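Numbering of the sequence shown is given in full-length UniProt numbering, commencing with residue 1 and proceeding in unit increments.
Working notes, beginning with the structure itself.
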Amino acid sequence: MDTACRRIVLQARSRRRHPPRLEQSIKLGFPASNNEAEYEAIIAGLRLAEAVGAEHVRAFCDSQLVAKQFSGDYDTKDDRMDAYLKQTQRLAKAFKTFELTKIPRSENSEADALAALASKTESALRRVIPVETIDEPSIKLPKGTVVMAISQEEEEDENLTDDESAEHKSWQDEIRNYLINDAVPEERWAARRLRRKAAYYFLRNNELFRWSANKVILRCCDEAQAKSIMVETHEGASGNHAGGRSLALKIKKIGYFWPMMIGDCINVAAKCVPCQRYAPDVSPY
1 MDTACRRIVL
11 QARSRRRHPP
21 RLEQSIKLGF
31 PASNNEAEYE
41 AIIAGLRLAE
51 AVGAEHVRAF
61 CDSQLVAKQF
71 SGDYDTKDDR
81 MDAYLKQTQR
91 LAKAFKTFEL
101 TKIPRSENSE
111 ADALAALASK
121 TESALRRVIP
131 VETIDEPSIK
141 LPKGTVVMAI
151 SQEEEEDENL
161 TDDESAEHKS
171 WQDEIRNYLI
181 NDAVPEERWA
191 ARRLRRKAAY
201 YFLRNNELFR
211 WSANKVILRC
221 CDEAQAKSIM
231 VETHEGASGN
241 HAGGRSLALK
251 IKKIGYFWPM
261 MIGDCINVAA
271 KCVPCQRYAP
281 DVSPY
């Protein structure tokens, strides 16, 4: 978490060899996570595009989490990310068409150069490429919400989703209801996220299954089944006392799935007394 620098390159579609373009670097004057800074750059870019009268916008970013949240493949995990997503969605509605695509960082080198400029620019260079400092977040949170972003591990894999399991409610309920009754939330973007997520699932004999990224069929587990599978696998059914992520991988290899399996497996391994007692010592140097 630090004061982040981000970059914007706005280029018009044209058959000309050198199409018109605008370049801008932004510097955040407040603490933000990498993904929050990415949202700030997208929001600034949308405002710039709207100011110049753009109607059709195709945006690129190198954050998989941000791109997947906007497309509806991933759900937001906290109030801050949800606020950033809604602000981006609101600004995107100003254009006739808008598309946000994730690209590898290696293909974003030109924009990275602008970010470096924002971090160490001199005032004389600002006449060539504008450098804007954003002093406050572009989102507004309810009173009592912590403004400082909390450092957390931001998983960016196919399992990233909201923890939908509440007391007496399975994470499967919403997906089952959609597959059986075609029921979706009233909110447009929530409905879109559910449809995209449900595309990976299907029912067979009233059991829920999921297609993995490798097109392997995985049986979906509820909370009670997940606990039993973790304990059995960890204690030796598929290898002895694996670490958290290794345990999750083994469970997936034997054909089971639930959304929070990585975090749950890490917790199981952390509570295992033999694992902690015989774990290798890690030198602090």
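Ideal Cβ placement from N, Cα and C applies to all residues, glycine included.
It should be emphasised that the depicted structure is a prediction, and the values quoted were computed from it without experimental measurement.
Exposure of residue i, with buried meaning 16 or more beta-carbon neighbours within 10 Å
i      : result
Ile103 : exposed
Thr133 : exposed
Asp182 : exposed
Val66  : buried
Glu40  : buried
Asp73  : buried
Ala51  : exposed
Arg80  : buried
Beta-carbon proximity of residue i to residue j, cut-off 9 Å
i      : j      : result
Tyr84  : Glu136 : no
Glu223 : Ser138 : no
Leu22  : Ala92  : no
Asp235 : Cys220 : According to the sequence displayed, residue 235 carries Glu and not Asp. For Glu235 and Cys220, no; Cβs fall outside 9 Å.
Leu249 : Ala269 : no
Gln24  : Leu48  : yes
Thr233 : Ile254 : yes
Ala226 : Trp258 : yes
Which residues DSSP lists as bridging residue i, in chain order
i      : result
Arg80  : Answer is none; Arg80 lacks a bridge partner.
Leu249 : Beta-bridge pairing links Leu249 to no other residue.
Gln24  : Ile8
Cys61  : Lys102
Candidates the options: closest to residue i by CA position
i           : options                          : result
Lys71       : Glu99, Gln87 and Ala54           : One point to set straight first is that residue 71 is Ser, not Lys, in the sequence displayed. The shortest C-alpha separation from Ser71 is found at Glu99.
Met261      : Lys271, Met230 and Ala270        : Met230
residue 286 : Ser33, Ala49 and Asp264          : Absent from the model: residue 286. The displayed extent of the chain is 1 to 285, so no value can be given.
Val57       : Val9, Arg188, Ala213 and Gly255  : Val9
Gly243      : Cys272, Ile217, Asn177 and Ala32 : Cys272
Ala198      : Ala51, Pro31, Asp173 and Ala32   : Asp173
Nonlocal neighbours in the same chain, by C-beta distance under 7 Å from residue i, ignoring five residues either side
i      : result
Ala54  : Phe95
Asp82  : Thr76
Cys61  : Glu38, Ile42, Ala67, Leu100 and Lys102
Tyr256 : Leu218, Arg219, Cys221 and Ile229
Nonlocal neighbours in the same chain, by C-beta distance under 8 Å from residue i, ignoring five residues either side
i      : result
Tyr201 : Ile175, Leu179, Leu208, Phe209, Arg210, Trp211 and Cys220
Ala190 : Val184
Gly29  : Thr3, Thr133, Ile134, Asp135 and Glu136
Spatial neighbours of residue i in its chain, beta-carbon cut-off 6 Å, leaving aside the 5 residues before and after
i           : result
Thr97       : His56
residue 296 : Nothing in the structure corresponds to residue 296, since the chain is present only between 1 and 285.
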